[in-house]
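K.L.:
This is the structure I have questions about; it appears just below.
Protein chains: 2
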Amino acid sequence: MTQKTRDSAAQGESQAAEVTAALLVIGDEILSGRTKDKNIGYVAEYLTALGIDLEEVRVVPDIEAEIVAALDALRQRYTYVFTTGGIGPTHDDITADAVAKAFGVPLDRDERAVALIAERVGVANLNEARLRMARIPRGADLVQNPVSKAPGFWIGNVIVMAGIPAVMQAMLDEVAPKLRTGVKLLSESVRADLREGDIGTELGAVAKAHPDVMIGSYPFTDDQGGPNTNLVVRGRDPQKLAAARSAVERMLAQVRAALAAQQAT
Amino acid sequence: MTQKTRDSAAQGESQAAEVTAALLVIGDEILSGRTKDKNIGYVAEYLTALGIDLEEVRVVPDIEAEIVAALDALRQRYTYVFTTGGIGPTHDDITADAVAKAFGVPLDRDERAVALIAERVGVANLNEARLRMARIPRGADLVQNPVSKAPGFWIGNVIVMAGIPAVMQAMLDEVAPKLRTGVKLLSESVRADLREGDIGTELGAVAKAHPDVMIGSYPFTDDQGGPNTNLVVRGRDPQKLAAARSAVERMLAQVRAALAAQQAT
Numbered sequence: 081m082t083q084k085t086r087d088s089a090a091q092g093e094s095q096a097a098e099v100t101a102a103l104l105v106i107g108d109e110i111l112s113g114r115t116k117d118k119n120i121g122y123v124a125e126y127l128t129a130l131g132i133d134l135e136e137v138r139v140v141p142d143i144e145a146e147i148v149a150a151l152d153a154l155r156q157r158y159t160y161v162f163t164t165g166g167i168g169p170t171h172d173d174i175t176a177d178a179v180a181k182a183f184g185v186p187l188d189r190d191e192r193a194v195a196l197i198a199e200r201v202g203v204a205n206l207n208e209a210r211l212r213m214a215r216i217p218r219g220a221d222l223v224q225n226p227v228s229k230a231p232g233f234w235i236g237n238v239i240v241m242a243g244i245p246a247v248m249q250a251m252l253d254e255v256a257p258k259l260r261t262g263v264k265l266l267s268e269s270v271r272a273d274l275r276e277g278d279i280g281t282e283l284g285a286v287a288k289a290h291p292d293v294m295i296g297s298y299p300f301t302d303d304q305g306g307p308n309t310n311l312v313v314r315g316r317d318p319q320k321l322a323a324a325r326s327a328v329e330r331m332l333a334q335v336r337a338a339l340a341a342q343q344a345t
Numbered sequence: 081m082t083q084k085t086r087d088s089a090a091q092g093e094s095q096a097a098e099v100t101a102a103l104l105v106i107g108d109e110i111l112s113g114r115t116k117d118k119n120i121g122y123v124a125e126y127l128t129a130l131g132i133d134l135e136e137v138r139v140v141p142d143i144e145a146e147i148v149a150a151l152d153a154l155r156q157r158y159t160y161v162f163t164t165g166g167i168g169p170t171h172d173d174i175t176a177d178a179v180a181k182a183f184g185v186p187l188d189r190d191e192r193a194v195a196l197i198a199e200r201v202g203v204a205n206l207n208e209a210r211l212r213m214a215r216i217p218r219g220a221d222l223v224q225n226p227v228s229k230a231p232g233f234w235i236g237n238v239i240v241m242a243g244i245p246a247v248m249q250a251m252l253d254e255v256a257p258k259l260r261t262g263v264k265l266l267s268e269s270v271r272a273d274l275r276e277g278d279i280g281t282e283l284g285a286v287a288k289a290h291p292d293v294m295i296g297s298y299p300f301t302d303d304q305g306g307p308n309t310n311l312v313v314r315g316r317d318p319q320k321l322a323a324a325r326s327a328v329e330r331m332l333a334q335v336r337a338a339l340a341a342q343q344a345t
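For the record, the sequence lines run as chains B and F.
The numbering of the first sequence is this note's numbering, which starts it at 81 and goes up by one.
The numbering of the second sequence is this note's numbering, which starts it at 81 and goes up by one.
Written as structure tokens, this is what we have:
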């Protein structure tokens with residue numbers, strides 16, 4: 081949507097209704113293309129369902145200064161910052177170091193985390209590498225890892241999770257009940273059965289007339305192989321949403337009729 | 081890798097060898113989870129193959145001020161900034177507006193772009209919405225779109241592409257021959273057949289001893305269902321890469337032997 085529309089939408093809602101988030105994906109392997117990220121889409125959908133607006137994602141390499149800079153930029157701006165990746169046992173896992181540095185706290189060996197890791201691998205196998213995963217910034221709460229035990233953590237508004245999708249998803253389930261959530265953003269899809277270029281101007285007029293909702297337009301190829309468009313109307317007020325949806329449907333009927341009349345002549 | 085290792089790696093190479101890039105993904109639909117991004121992984125792999133280092137990715141919503149801020153942060157820092165999304169015919173497609181604003185140039189109707197779009201849809205169908213796709217920041221070069229004609233563009237060090245993966249990929253093929261490329265970052269994978277936690281300390285020592293390469297460690301579940309680890313050694317100098325790979329393999333053999341001896345007792 082345009083800046084104008086989005087600003088109006090924000091004004092139309094109480095500030096308290098919005099809980100925002102950013103996601104920071106940490107790892108050279110994503111930036112080299114070696115590993116294809118599977119967490120962004122999952123986190124986006126998960127937070128949206130909770131009523132938390134994901135407003136920004138960044139992917140940064142395994143460089144401490146880059147991670148700290150991104151953390152500092154994001155944690156000032158959003159209710160929550162979720163991170164994925166960089167909490168394993170090897171030298172390239174530096175997320176905990178970066179978070180401790182961003183918060184200006186020591187990175188202690190956490191005995192709760194040591195106990196969890198020992199539970200998994202046995203006390204005899206608690207070597208230096210595995211104990212690396214027990215280094216938790218002082219003052220953080222642990223985020224349980226029901227998959228492989230080595231925990232994530234939560235400090236301030238930053239929630240640090242593993243990069244492996246199955247572990248990340250389990251950690252998200254652990255923290256979800258403790259998150260503040262907003263009034264859920266409702267969403268309705270309308271299939272246009274028209275090409276995006278046939279409705280752009282008219283859709284813009286509908287968007288302008290309904291400043292309290294957001295209207296997105298997404299072209300796709302339909303099952304007949306033709307160009308088609310999905311329109312998505314989003315907003316927090318069910319009545320305003322219904323009114324905008326009706327306006328979209330009226331507009332689509334008018335454009336279809338006009339195109340049919342044009343083809344008939 | 082640690083900050084120290086990465087800095088050393090950078091010092092070990094000539095500055096000219098590095099061509100860097102950032103990717104800016106634009107669209108509410110990615111942040112809501114409605115659309116799962118397929119471009120980040122593709123662009124990452126593509127640029128890596130060309131010898132261009134993708135160093136940062138950001139995903140931002142369809143808000144002009146956010147897009148401009150991200151563009152300005154990224155284009156100062158990297159050789160190239162690629163964008164995906166927001167160049168269609170509807171009111172929520174505001175990437176061209178944001179790029180024009182970032183560069184401080186007018187957003188003109190471009191007759192070359194008009195001709196391309198007319199070729200696709202016919203002159204009779206050149207309505208206001210479709211002509212929206214012909215608005216190109218003044219001074220930009222067009223990026224041809226062999227899939228659906230409406231072009232992307234290239235201004236300064238910013239390359240603006242469509243969000244639809246098939247179109248984005250075709251546009252990337254169009255611009256690739258014109259990109260400055262660096263000395264390709266070479267990469268070798270070694271399967272550890274050990275758990276990440278068994279080798280973390282020893283691997284850290286190898287990484288420290290080979291500061292001119294980057295060594296990443298990626299746990300995975302192997303076909304026997306057991307925890308395993310891939311080690312990836314990357315660098316631009318083939319000899320240094322080979323030396324580091326040998327050191328990794330020696331280290332792995334030693335750890336395997338030590339674990340076997342431990343189990344035998």
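Beta carbons: idealized from backbone N, C-alpha and C, even for Gly.
For residue 126 of chain B and residue 252 of chain B, which I take to be in contact (beta-carbon distance under 8 Å), what is that distance rounded to the nearest angstrom?
P.N.:
Indeed, because the Cβ distance is near 6 Å, the residues count as touching under 8 Å.
K.L.:
Mapping the DSSP letters down to three states, classify residue 44 of chain B as helix, strand or coil.
P.N.:
Shown here, chain B extends from 81 to 345; a query on residue 44 of chain B therefore has no answer.
K.L.:
Alpha carbon to alpha carbon, how far is residue 140 of chain F from residue 82 of chain F? Give it in angstroms, no decimals.
P.N.:
The predicted model places residue 82 of chain F with a pLDDT of 38, which falls under 50 and marks its position as unreliable; any figure quoted below should be read in that light. Distance between the alpha carbons of residue 82 of chain F and residue 140 of chain F is about 28 Å.
K.L.:
From what residue to what residue does the alpha helix (DSSP H) around residue 212 of chain F run?
P.N.:
Element bounds for residue 212 of chain F: 208-212.
K.L.:
Taking CB distances under 9 Å as the criterion, tell me whether residue 160 of chain F reaches chain B.
P.N.:
Not one chain B Cβ lies under 9 Å of residue 160 of chain F.
K.L.:
Should the stretch 176-184 of chain B be called in touch with the stretch 244-262 of chain F, which here means at least 3 C-beta pairs below 8 Å?
P.N.:
Too few Cβ pairs lie closer than 8 Å, so no.
K.L.:
Taking just the CA atoms, how far does residue 303 of chain B sit from residue 241 of chain F?
P.N.:
Computed Cα separation, rounded: 25 Å.
K.L.:
Hey, would you say residue 216 of chain B sits closer than 9 Å to residue 228 of chain B, going by beta carbons?
P.N.:
No. Outside cutoff.
K.L.:
Could you tell me the distance, in whole angstroms, from the CA atom of residue 200 of chain B to the CA atom of residue 159 of chain F?
P.N.:
For residue 200 of chain B and residue 159 of chain F, the distance between alpha carbons rounds to 45 Å.
K.L.:
If I follow the unbroken beta strand (DSSP E) through residue 188 of chain F, where does it start and stop?
P.N.:
From DSSP, the beta strand (DSSP E) with residue 188 of chain F extends over 187-189.
K.L.:
Over the uninterrupted alpha helix (DSSP H) stretch that includes residue 157 of chain F, give me the two end residues.
P.N.:
It spans 144-157 - the alpha helix (DSSP H) in which residue 157 of chain F sits, taken as one unbroken run.
K.L.:
Taking only the alpha-carbon atoms, compute the straight-line gap between residue 336 of chain F and residue 330 of chain F and give it to the nearest angstrom.
P.N.:
Rounded to the nearest angstrom, the two C-alpha atoms are 10 Å apart.
K.L.:
Flag this pair as touching only if the stretch 153-170 of chain B and the stretch 209-224 of chain B have three or more C-beta atom pairs under 8 Å; answer yes or no.
P.N.:
Result yes; three or more Cβ-Cβ pairs closer than 8 Å.
K.L.:
Does residue 258 of chain F get closer than 9 Å to chain B when you measure Cβ to Cβ?
P.N.:
For residue 258 of chain F, the answer is no, since every Cβ of chain B falls outside 9 Å of its Cβ.
K.L.:
Please classify residue 287 of chain F: is it buried, with 16 or more other beta-carbons within 10 angstroms of its beta-carbon, or exposed?
P.N.:
Residue 287 of chain F comes out buried.
K.L.:
Report the residue ranges of all alpha helix (DSSP H) runs contained in full by the stretch 226-279 of chain B; include only those spanning at least 4 residues, in chain order.
P.N.:
Listed in chain order, the complete alpha helix (DSSP H) runs (minimum 4 residues) inside the stretch 226-279 of chain B are 245-255.
K.L.:
Whose C-beta lies closer than 7 Å to the C-beta of residue 31 of chain F among residues of the same chain, with five residues either side of it excluded?
P.N.:
Missing from the structure shown is residue 31 of chain F; chain F here goes from 81 to 345 and no further.
K.L.:
How would you call residue 269 of chain B, buried or exposed, if buried means at least 16 neighbouring beta carbons within 10 angstroms?
P.N.:
Residue 269 of chain B should be labelled exposed.
K.L.:
Per DSSP, residue 162 of chain B is paired with what?
P.N.:
Partner(s): B/103, B/239.
K.L.:
I'd like to know if residue 267 of chain F contacts chain B, where contact means its C-beta is closer than 9 Å to some C-beta of that chain.
P.N.:
So, interface residue.
K.L.:
Would you tell me roughly how many angstroms separate the C-alpha atoms of residue 299 of chain F and residue 261 of chain F, rounded to the nearest one?
P.N.:
Those two C-alpha atoms are separated by around 31 Å.
K.L.:
Any Cβ of chain B within less than 9 Å of the Cβ of residue 217 of chain F?
P.N.:
Output row for residue 217 of chain F: interface = no.
K.L.:
Using a Cβ-Cβ distance cut-off of 9 Å, determine whether residue 125 of chain B contacts chain F.
P.N.:
With 9 Å as the cut-off, residue 125 of chain B counts as an interface residue toward chain F.
K.L.:
By the DSSP assignment, the beta strand (DSSP E) with residue 301 of chain F in it spans what residues?
P.N.:
Run containing residue 301 of chain F: 294-301, per the beta strand (DSSP E) assignment.
K.L.:
Would you please verify whether the beta carbon of residue 325 of chain F is less than 9 Å from any beta carbon of chain B?
P.N.:
No, residue 325 of chain F lies away from the interface with chain B (no Cβ there is under 9 Å from its Cβ).
K.L.:
Secondary structure at residue 167 of chain B, three-state DSSP: helix, strand or coil?
P.N.:
Here residue 167 of chain B sits in coil by DSSP.
K.L.:
Are the C-beta of residue 173 of chain B and some C-beta of chain F separated by less than 9 Å?
P.N.:
Cβ-Cβ to chain F under 9 Å: yes for residue 173 of chain B.
K.L.:
Quick one, which residues of the stretch 206-239 of chain F are near chain B if we go by CB-CB under 7 Å, in chain order?
P.N.:
Under the 7 Å Cβ criterion, the stretch 206-239 of chain F contributes 207, 208, 209, 210, 212.
K.L.:
Could you compute how far the alpha carbon of residue 283 of chain F sits from the alpha carbon of residue 328 of chain F?
P.N.:
C-alpha separation (whole angstroms): 7 Å.
K.L.:
Mind pulling the chain A residues with CB within less than 8 Å of residue 251 of chain B?
P.N.:
No chain A is part of this structure, whose protein chains are labelled B and F.
K.L.:
So the candidates are F/190, F/324, F/339, F/120; which of them puts its Cα closest to the Cα of residue 115 of chain B?
P.N.:
Taking only the C-alpha atoms, the option nearest residue 115 of chain B is F/120.
K.L.:
Check whether the Cβ of residue 95 of chain F lies closer than 9 Å to any Cβ atom in chain B.
P.N.:
Annotation note: pLDDT 47 at residue 95 of chain F (below 50); position unreliable, coordinate value reported separately. Taking Cβ atoms only, chain B never reaches closer than 9 Å to residue 95 of chain F, which makes this a no.
K.L.:
Residues in the same chain with beta-carbon distance under 8 Å from residue 320 of chain F, minus the five sequence neighbours each way, listed in chain order, please.
P.N.:
92, 290, 292, 293.
K.L.:
Could you tell me whether the Cβ of residue 133 of chain B comes closer than 9 Å to any Cβ of chain F?
P.N.:
Residue 133 of chain B counts as touching chain F.
K.L.:
Taking just the CA atoms, how far does residue 182 of chain B sit from residue 149 of chain B?
P.N.:
Their backbone Cα atoms lie some 8 Å apart in a straight line.
K.L.:
The beta strand (DSSP E) spanning residue 135 of chain F covers which residue range?
P.N.:
Looking at the DSSP string, the run of the beta strand (DSSP E) that includes residue 135 of chain F is 132-140.
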